[in-house]
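Quick note: the sequence shown uses our numbering, first residue 2, plus one each step.
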Amino acid sequence: MEFVLVGFSDVPNLQWILFGIFLAIYLIILLGNSIIILITRIDPTLQNPMYFFLGNFSFLEICYVTTTVPRMHRDIWTQKGNIPFLACATQMSFVLIFGGTECLLLRVMAYDHYVAICNSLHYPIVMNHRVCIQLVAGSWISGIPVEIGQTCQIFSLSFCGSNTINHFFCDIPPILKLACGNTIVNEVAVYIVAVVFFMVPFPLIVTSYGKIISNILKLFSARGRAKAFSTCSSHLTVVVLFYGTAAINYLQPKSNQSEGLGKLLSLFYAILTPMMNPIIYSLRNKDVMEALKKLLPKLLT
């Protein structure tokens, strides 16, 4: 009827320190991404497809983190990790949906950068408002039936042994370890979905950036090259951080997975990367920095 999330109970002396750290991280994520959403909506200089996608990406990060961190705070506060069967399935479903959406949205943002730099004359036509809406909607909707189906498949298994999940949220690898019987079909399904959402977009992103870098190097203006590299490096940094840790966690064979390493990787891509995203995009993007300088005095008065 329920599972028990172990969380970080293996470090009992640090529970309240961890509570404070994760609370600070969560507030930083909410504040940082909310500010990016706000400036991309109200600043006239940021009314273009790139910042439209960035605003959607920031909203996605808030949704993604909210599926795990508040529950983790509750578990640390109460010193109990009990989570009902249905609540665990629901949490996993949302984590997978938002994670899959992030993979697709990162691919869309890479395509936007590619068109902006490699096909700049046709950029307003290719990336018109209707196309941007369709790309964002496609990123949000495409993974929903797949991820819900995968969650239903996993939670239709029999769990006849321990109900203790050595993790801080309901993720696929630790749940599969609790299942009875042969789970090879489920593991294959996980790999297939991971390849579709992780390994297919990633080479496309790399290809896009290969062409982008080639075009940037042809620019005569050093200032133009610096601005293009600055814009693209922010997105590329986020791609490497998210894809690297998530791919290792989901594509690694179940028998080879260390529970401690899996927890650390999940902590990185599910919490730390969303915290760093606003910082990365702000510090590496002069347009965002200028918009922030104009917004902060208004917020403080």
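Just so it is clear, CB atoms sit at the ideal spot from N, CA and C, and this is done for glycine as well.
Take residue 80 as the anchor and find which of 279, 163, 237, 8 has the nearest alpha-carbon. Checked all of 279, 163, 237, 8; the closest Cα to residue 80 is 8.
Pick helix, strand or coil for residue 4, following the three-state DSSP scheme. Looking at residue 4 - three-state DSSP - the assignment turns out to be strand.
What is the rounded straight-line gap between the Cα of residue 237 and the Cα of residue 100? Approximately 17 angstroms between the Cα atoms of the pair.
I need the DSSP call for residue 165, collapsed to helix, strand or coil. It is a strand residue.
Go ahead and pull the three-state DSSP assignment for residue 83. Reduced to three states, the DSSP call for residue 83 is strand.
Would you say residue 51 faces chain B, with C-beta separation under 8 angstroms as the test? Note that chain B does not occur in the displayed structure, where there is just one protein chain.
Got a sec? Which residues, its chain only, sit under 8 angstroms from residue 281 by beta carbon, not counting five neighbours each side? So the list reads 235, 238, 239, once near-sequence residues are dropped.
I'd like the span of the alpha helix (DSSP H) that includes residue 33, first residue to last. For residue 33, the enclosing alpha helix (DSSP H) covers residues 16-43.
Applying the criterion that 16 or more other CB atoms from any shown protein chain within 10 Å of the CB defines a buried residue, is residue 290 buried or exposed? Counting C-beta atoms within 10 angstroms of its own C-beta, residue 290 has fewer than 16 neighbours from the protein chains shown and is therefore classed as exposed.
Assess, as a yes-or-no matter, whether the segment 19-38 is touched by the segment 80-97 under the definition of 3 or more beta carbon pairs within less than 8 angstroms. Contact between the segment 80-97 and the segment 19-38 is not established, with fewer than three Cβ pairs separated by less than 8 angstroms.
Hey, residue 94 and residue 152: beta-carbon distance below 8 angstroms or not? Yes, they are a contact pair.
Quick one: Cα of residue 126 to Cα of residue 37, how far? Between the alpha carbons of residue 126 and residue 37 lies a distance of about 26 angstroms.
Alpha-carbon spacing of residue 141 relative to residue 102, whole angstroms: Taking the straight line from one Cα to the other gives about 5 angstroms.
Check residue 93 in the structure and name its three-state DSSP category. Looking at residue 93 - three-state DSSP - the assignment turns out to be helix.
Whole angstroms is fine: what's the gap from residue 131's alpha carbon to residue 161's? Spanning the two alpha carbons is a distance of roughly 51 angstroms.
Should residue 3 be labelled buried (16 or more other beta-carbon atoms within 10 Å of its own) or exposed? By the 10 Å Cβ count, residue 3 comes out exposed.
Take residue 55 as the anchor and find which of 248, 120, 213, 278 has the nearest alpha-carbon. Ranking the options by Cα distance to residue 55, first place goes to 278.
Can you tell me whether residue 1 is helix, strand or coil according to DSSP? Beyond the ends of the chain as shown, which are 2 and 302, falls residue 1; an answer cannot be given.
At a cut-off of 7 angstroms, is residue 4 close to the ligand COA when judged by its beta-carbon and the heavy atoms of the ligand? Only the bare structure without any ligand can be found here, which leaves the ligand COA out of the picture.
By the three-class DSSP mapping on this structure, what secondary structure does residue 127 have? In the structure shown, residue 127 sits in a helix (DSSP, three-state: H, G or I).
For residue 50 and residue 17, the rounded distance between their alpha carbons: Residue 17 and residue 50: Cα-Cα distance of roughly 42 angstroms.
Within this structure, are the beta carbons of residue 244 and residue 199 separated by less than 8 angstroms? For residue 244 and residue 199, yes; Cβs fall inside 8 angstroms.
Assigned exposure category for residue 209 - 16 Cβ within 10 Å defines buried: Buried is the call here.
Helix, strand or coil for residue 159, going by three-state DSSP, please let me know. Under the three-state reduction of DSSP output, residue 159 falls in the coil class, being neither helix nor strand.
Can you give the Cα-Cα distance for residue 156 and residue 197, rounded to whole angstroms? Taking the straight line from one Cα to the other gives about 21 angstroms.
Whose C-beta lies closer than 7 angstroms to the C-beta of residue 268 among residues of the same chain, with five residues either side of it excluded? The answer is none, since no qualifying residue turns up.
State the start and end residues of the unbroken alpha helix (DSSP H) segment that holds residue 68. Looking at the DSSP string, residue 68 is not in any alpha helix (DSSP H), and its letter there is neither H nor E.
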